[in-house]
Structure formats: structure tokens, C-alpha cells
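Protein sequence lines correspond, in order, to chains U and X.
Sequential numbering of the first sequence, starting at 1, is according to the working numbering.
Sequential numbering of the second sequence, starting at 258, is according to the working numbering.
For each residue, glycine too, the CB sits at the ideal point set by N, CA and C.
Since the structure comes first, as C-alpha cells, the remarks are kept for the end.
Protein chains: 2
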Amino acid sequence: MGLREKRKLERRERILAAAQELIRETGSVGLSMRALARKAEVSLATPYNLFGSKGAVLAELGLAVLKKLERKMEELRSHDPIEDLLHIAELGANTYASDPRFYRTLMAVLTASARGLHDDAISGGSVRLWQRPVEAGIRAGLLRADADSEFVARDLVITFLGVLDLWVRGVLDGEAMRTHILYAFTLALLGLSTDASRAKLLRHYRRFQRQLPREIRVVDNGLARRRARPAGEAANGGAAVAAKVRAPQAALPEGIQ
Amino acid sequence: MGLREKRKLERRERILAAAQELIRETGSVGLSMRALARKAEVSLATPYNLFGSKGAVLAELGLAVLKKLERKMEELRSHDPIEDLLHIAELGANTYASDPRFYRTLMAVLTASARGLHDDAISGGSVRLWQRPVEAGIRAGLLRADADSEFVARDLVITFLGVLDLWVRGVLDGEAMRTHILYAFTLALLGLSTDASRAKLLRHYRRFQRQLPREIRVVDNGLARRRARPAGEAANGGAAVAAKVRAPQAALPEGIQ
DNA sequence: TTCGTTTTTATAACGCGTTCAAAATAATGT
DNA sequence: ACATTATTTTGAACGCGTTATAAAAACGAA
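Written as C-alpha cells, this is what we have:
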């Protein structure tokens, strides 16, 4: 690898690291390409040369984070594949919940700028990660033999991402997110359970059902649009409180079919 | 209601109708606030006065669409609550799939501009819609008596939205989306099935499993960022093809924890 | 070292979502 | 009828992501 390539890689890493720091320091507010370029000490055009777009920068960061998490998940392996599945899910939930600011921001911005990890999540490596314990469960007689491990794994991934998305949006807090994921997993696995596993899964199911919060109260996810005064013009101390608009319900224009 | 209120409502509806037309005509490209204001024959600031933000305009449109769909869903009621659940899900999937351009665009933009329908979906009316057939199923002895209908309904909503999101992103086509939803529903219900319903649900499960596509090929969802030449400057016929950037994988900056 | 080729930089521009002071307009009191 | 007051619309402006362009810098080869 020539010097040229090395410098390029260096810049790439500097940009990724800057993105990470920026998210940690400011959340999504302040995560602008101009700020990113400044922090990485490159010009505004460089991230576009090296990644293509803002979304691509963050997708790469997100992918790296995901791979790291998946590597930790791979390590979890015991004698009981079903317990493994639940432990893997729990590890994932706990990881996200352990750093809400970072992960919520990252996930939110990945969700928004389409073509995120979702393609990969279904067609790529994530499915295979979940597929392995499912297959092991089938072999061990703990899950129905006629179940297709790939489709089951897809279903688990979709559920996981769905609940995670609610957490990102602040509809669920970390605790509720974890319990919901485990509840959903248990429910899906219960559908595939055999006599050898049903009793245990039912116990799990009842436990998670008991732990689920009945009331949903939307929490502040820190992603709301804040009035970001340019930091230079500190005069006019934020007095203007915009009146909340809540007009009478307008009728739906016809033709929705 | 004074003249003022009437005019206001008029403008609101004009804006919503304009948003709908704009989506149908141009997809997400061209769905700008300036174009919206022009089509609705109001000034750029008016939608902000009346709704608050672009996301809020589309959220209102989306909510109206959702309510309309849910009203159709409510009508589906037969003697078999489990069949009802599947039929409701199928109706939803078919409705979305029947007009991909419109619904994909609407859903994509709702997903992106946070605080969409997702709050409502979990805490609001959607859950209750699914909850009713689940309750009926429990009463009829088709689902386990110790199941909590609210949590089951939440799980179904989350799954539905998760699969729908994959369709919106183009990871699944309409057919695969419908089958995936039905597969996931069947799997969840199978976990709660009783002797009275298990055989039938198993038949469904095997059928949907057979219909699922094994290969995932990402389709064009029409939401990619297109180079939108201002329509006035037709010269310089789109020659410049930007070189695709695909650099060697950069290492993850340390400290992700 | 010198030449030729890439790549980064600096800067300006575009359209975007959003905000704000000022102008225009409807409602109200006399 | 008019003048006052409370809203609402307007038009200009901001920072954003992104692109284009020309100049400068950095590398590889001779």
C-alpha cells in the first residue's frame, strides 16, 4: 500500500472518529458536515470524496458498531440454544440502552437517510447470526423440525429492529425495550416449541409478560429539533416561545382510494 | 365559526390535498415545501403556521390515511377471530402494496421525520384495532387464556410496521411483504394457540413458509436521490456520472465500548 | 530533481427546511 | 362608519447537504 492509500485511510478514520465524537458531544444537533469536516481537519468536500454522502459516513460508522456488537454476540454460546437466543437479544438490548445518546442518534440518522443497515440486516450477516442458534435448537429437538431457520431468523431480526426503532423514537425506554424484545422472541419461539421446550418457554413468556409496562409514556429521546442559536449571538436570551399549533382536525381530501 | 376559522380550514385542506397530489405526481422528489406552497396557492410560511413543519403536514396526511384504512379493517369480522386477524393483516398489506409510489413515499417521509405515527401506533388506536380480535380469540378458546391481548396486539403492530418498513425501503416487494406479515402473525399466534386452533395455524404457517422468497433482492423503491435538473436548464444533458466511491474498509475508531 | 497524475482544498453556488420582522388582513369596540 | 387590536401572510434570510470549479498540494515514476 502506497503512501497515498495510507493517507486516505488515515483521513477516513479521522472522519469516522470525528463523527463518533460529534455524536457523543452534541447528539444529532451539531452533527453537520461542516462541523464534521472541521473536527476531522479536512475540507468540506473530503468526506464526500471518501464516502459519498453524510448518510454513507454514518452508515459506515453504524456498520462498524454493528459488527463489533455481533462479534460479542457470537461469543455467547452455551448448551441451550434457546437460552442463547434470549441472551443474545438481551446483550443487544443492553448494549443499545447503555448509551442512549450515542445509539439513538446514530440509529435515528441511519433510519432517516434510507439505505441503512436494514438491507444488510435482512439479507446479510445479521440473519445468519440469529440463524445459527435457531438451527441448533432444531437439531436439539427444542424447536419444530419443520421450521425454516432462515425465515425464523428474519422474523427475529425484524422484531428486534422494530422494537429498537420504538426505543430510538422515545416511545419505549431502555427497560421496556429490552423486555419487549424478549417478550416478542419468546412468543415467536413458543410457536415453534416442542414438548421438550414448551414448559420453559411458557415460564419465560409469563415472566416477560408480567414485566411489560402497560402504560406507554413517550420519553424525550433527545432528538427533537432544538433552536440552535449560532453560539456567537448570545443576545436576545431565548425568549420567543413559539405558540404550539394545534388546529381543528381537517377533513381528508378525497381520493385516497 | 368566523370567516377567519373558515379560511384557515380551507387553507389546511388545500395544503393537505396539494401534498397528496404532489406525492402522486412526483414521489418524494419534488415534495418540497416550496412546491407544496405553490400548488396550494399559499405562501411558504403558511404551512408552518398551520401545521408547524413539513413532517407535521405529512403526519396529518398519514394519520388520515391510516384512519381510513383502519375503518375498513374494522369491518372485517367473521365467526373466526384468528382468520379475522390474518384477513386484517392481508387487507393492510394489500392496501399499501396497491399504490407503492404513494405509500412508500408517505411512509418514508414519515419514518424520516420522527414523531410520526409510531407513537400512536403503539400507544394509540392501532393497538386496540388488533387487540379486539385477539380478545375474541381468547374468549373463543382459540388462544391461550393467560395471554394478554394488549401485549400481543402490540407485538403484532410492531411486526407489521417492521415488515412494512422493509417494503418501504425496497428490501421486500409487495408480495414478499404480505407473505412476511402473514408468516410473522401466524408464528406469533401459534405460540398462543390452543388445541382447538393449533392444527389450522400450523397449516397456515407451513403454507406461508412455503411462499416466502428465499432470495432477497433489493428493488428500486423510487426514493433514491435523483439529480433533479431545475427543468428550465435542459442544456448539458446529464453527462457527468459521478464515480462510485468504494474504498477499502476502514477500521473502527476505538472507544465504541 | 522534474514531470505528470491524483487528490485535497477553498470557495461559491443551489435547493432545501425553517424562522422572523414587517406588512396585510379580519375581528372588535365605539 | 371608523379606529384599534389580534392574527395571518408574506418575503427575506439562515444553516443545512450537496455539487461544481479552479488552484494548490501530494504522491509516483523517470
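Residue j beta carbon less than 8 Å from that of residue i
i	j	result
L273 (chain X)	K296 (chain X)	no
M177 (chain U)	A93 (chain U)	yes
L117 (chain U)	S193 (chain U)	no
A59 (chain U)	L9 (chain U)	no
F151 (chain U)	L469 (chain X)	yes
V57 (chain U)	A112 (chain U)	no
A294 (chain X)	S285 (chain X)	no
A140 (chain U)	P81 (chain U)	yes
T159 (chain U)	A188 (chain U)	yes
L182 (chain U)	L91 (chain U)	no
G419 (chain X)	L161 (chain U)	yes
V428 (chain X)	A410 (chain X)	no
R281 (chain X)	F359 (chain X)	yes
Separation of residue j from residue i, as counted between CA atoms
i	j	result
R269 (chain X)	T303 (chain X)	9 Å
G191 (chain U)	Y96 (chain U)	27 Å
Y217 (chain X)	G287 (chain X)	Chain X is shown only over 258 to 514; residue 217 (chain X) falls outside these bounds and no answer can be derived.
D422 (chain X)	S197 (chain U)	32 Å
A378 (chain X)	A346 (chain X)	15 Å
R361 (chain X)	D195 (chain U)	43 Å
G517 (chain X)	E70 (chain U)	Residue 517 (chain X) cannot be examined here, being either before or after the span of chain X that is shown, 258 to 514.
P230 (chain U)	R426 (chain X)	With a pLDDT of only 27 at P230 (chain U), under 50, the local geometry of the prediction cannot be trusted, and no value is derived from it.
L66 (chain U)	E472 (chain X)	23 Å
E331 (chain X)	V414 (chain X)	15 Å
E340 (chain X)	R389 (chain X)	13 Å
R464 (chain X)	R7 (chain U)	55 Å
E41 (chain U)	F51 (chain U)	16 Å
Y205 (chain U)	A145 (chain U)	21 Å
D430 (chain X)	M364 (chain X)	15 Å
Q209 (chain U)	W167 (chain U)	18 Å
R261 (chain X)	S310 (chain X)	21 Å
H180 (chain U)	G2 (chain U)	50 Å
A235 (chain U)	A35 (chain U)	Only weak support is given to the placement of A235 (chain U): the predicted model assigns it a pLDDT of 28, under 50, and the question is left unresolved by the model.
A228 (chain U)	P100 (chain U)	Legend: pLDDT at A228 (chain U) = 31, less than 50; position of this residue unreliable, value from coordinates given subsequently. The alpha-carbon atoms of A228 (chain U) and P100 (chain U) are separated by roughly 21 Å.
S335 (chain X)	L76 (chain U)	46 Å
K68 (chain U)	S98 (chain U)	15 Å
L386 (chain X)	L458 (chain X)	21 Å
K72 (chain U)	S406 (chain X)	35 Å
Residue i: contacting residues in chain X (beta-carbon distance under 7 Å)
i	result
G191 (chain U)	L444, A445, L447, G448
Q131 (chain U)	Within chain X, no residue comes near Q131 (chain U); the closest Cβ sits about 12 Å away, beyond 7 Å.
G162 (chain U)	I415, T416, L418, G419
A112 (chain U)	A369
Reduced DSSP category for residue i - H, G, I as helix; E, B as strand; rest coil
i	result
L469 (chain X)	coil
S193 (chain U)	strand
L50 (chain U)	helix
L143 (chain U)	strand
S98 (chain U)	helix
A176 (chain U)	helix
R261 (chain X)	helix
E298 (chain X)	coil
V171 (chain U)	coil
H204 (chain U)	helix
L156 (chain U)	helix
G162 (chain U)	helix
H336 (chain X)	coil
D377 (chain X)	helix
L285 (chain X)	The displayed chain sequence assigns Ser, not Leu, to residue 285 (chain X). The answer is coil: DSSP assigns S285 (chain X) none of H, G, I, E or B.
S370 (chain X)	coil
D405 (chain X)	coil
Neighbouring residues, chain X, relative to residue i (Cβ below 9 Å)
i	result
S32 (chain U)	Neighbours of S32 (chain U) on chain X: none; closest Cβ ~17 Å, over 9 Å.
D146 (chain U)	L459, Y462, R463, Q466
I122 (chain U)	L423, V428, L429, I473
A45 (chain U)	Within chain X, no residue comes near A45 (chain U); the closest Cβ sits about 12 Å away, beyond 9 Å.
Residue i: contacting residues in chain U (beta-carbon distance under 9 Å)
i	result
V299 (chain X)	Correct list: empty, because the minimum Cβ distance to chain U is about 14 Å.
I280 (chain X)	By Cβ distance, chain U contributes nothing, its closest Cβ being about 11 Å from I280 (chain X), past 9 Å.
Residues that residue i contacts on chain U, provided the C-beta gap is smaller than 8 Å
i	result
Y353 (chain X)	Per Cβ cutoff of 8 Å: no residues; Y353 (chain X) is ~12 Å from chain U at best.
Y440 (chain X)	F151, D155
Interface partners of residue i on chain U, CB under 7 Å
i	result
L469 (chain X)	F151
Is the stretch 314-329 of chain X close to the stretch 391-409 of chain X, with three or more CB pairs under 8 Å?
-> No contact exists between the stretch 314-329 of chain X and the stretch 391-409 of chain X.
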